[in-house]
Amino acid sequence: MKEIILIRHGKPLSAHNNKLSAGEFTNWVRQYNQSPLDSAHYPNEKRQFATHHIIASPLKRAQLSANYYMGEPATDVIPELKEMDIPYYRLPLRLRAWHWVLLNRLMWICGKAGRFESFIEAKNRVGKAAHELEKKAEQHAQIVVFGHGMSNRYIRVFLAKRGWEITEKNNGYWGVTRLIKS
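Each residue of the sequence shown is one higher than the last, beginning at 180 in the working numbering.
Spelled out as structure tokens, the structure:
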């Protein structure tokens, strides 16, 4: 039996929910992408994945999460695992940061272009990541992958379509999703 464990990264220290203008939100996204982890939000317990091959996204928060959770850095870094971009559009509004994320992602999913990968491009990239994870699972049988919320959701969908069974699903910070295939 093959097993893929997807773990969402820990909460970034900069993940505040202040009211922001569009320009301030752009800076918030940059800080979120470069932020260390918030030690006040480390998981209460760590599950044991000592026998699993460790894989991570190239983004800092995923790398730090892998190192904290497993006690060692990821063995493999797969570029296609990086988070689907948090788009940002110039709108004359002041919103809380997570409302900006929702509004901008909704516009992005609906096809609004910007200076970042399109939603279609992001889905295609994440589909390639899912395929790469399947190949890694063929080589190592058990893998643990430190990634991101939206990317993990789509990886889960792609793998389920390819016959993987979802036995556990949690998309929160440090959330564990478990997929198995005979």
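Glycine included, each C-beta is placed from N, C-alpha and C at the ideal position.
Candidates the options: closest to residue i by CA position
i    : options                : result
G186 : N196, H195, Y221, A201 : Reading off the sequence, residue 186 comes out as Ile, not Gly. Of the candidates N196, H195, Y221, A201, the one whose C-alpha sits nearest the C-alpha of I186 is Y221.
E259 : H310, Q210, S214, W277 : H310
I265 : H327, A241, A253       : H327
H231 : K239, L312, N303, G354 : L312
H195 : A276, P252, K239       : A276
Q240 : P252, N283, N212, R226 : For clarity, residue 240 is Arg in the given sequence; the question names Gln instead. When each option's Cα is compared against that of R240, the closest is N212.
L338 : W353, H319, K307, Y248 : K307
F204 : W343, K340, L282       : L282
L425 : K291, Q210, Q227, N197 : Because the chain is modelled from 180 through 361, residue 425 falls outside the range shown and cannot be assessed.
R341 : G354, N350, S361       : S361
Y248 : E224, R284, H319       : E224
Cβ shell of residue i (< 6 Å), same chain only, five flanking positions each side left out
i    : result
A301 : M263
E182 : Q321, I359
S200 : R273
K315 : I322
K190 : D217, H220, Y352
F298 : W287, I288
Cut-off 7 Å between Cβ atoms - residues of its own chain near residue i, not counting five sequence neighbours on either side
i    : result
M329 : E262, M263
Y333 : K302, V305
V208 : I265, Y267
Q253 : Correcting the residue type first, residue 253 is Ala in the shown sequence and not Gln. Result list for A253: I233, I234, A235, Q242, A245, F325, in chain order.
Host alpha helix (DSSP H) of residue i (start-end)
i    : result
A241 : 239-249
I265 : No alpha helix (DSSP H) holds I265; DSSP gives it neither H nor E.
Q213 : 201-213
A316 : 298-319
L281 : 276-288
Residues of its chain near residue i, where Cβ-Cβ distance is below 8 Å and the 5 sequence neighbours each way are ignored
i    : result
M286 : P266, Y268
E317 : K181
R335 : L185, I345, K348, T356, L358
Terminal residues of the beta strand (DSSP E) in which residue i lies
i    : result
L185 : 181-187
I234 : 232-235
L358 : 355-360
Integer Cβ distance of residue i from residue j, believed to fall under 8 Å
i    : j    : result
A229 : V256 : Not confirmed; about 20 Å, so no contact.
S362 : S214 : Since the first residue shown for the chain is 180 and the last is 361, residue 362 is missing from the structure and cannot be characterised.
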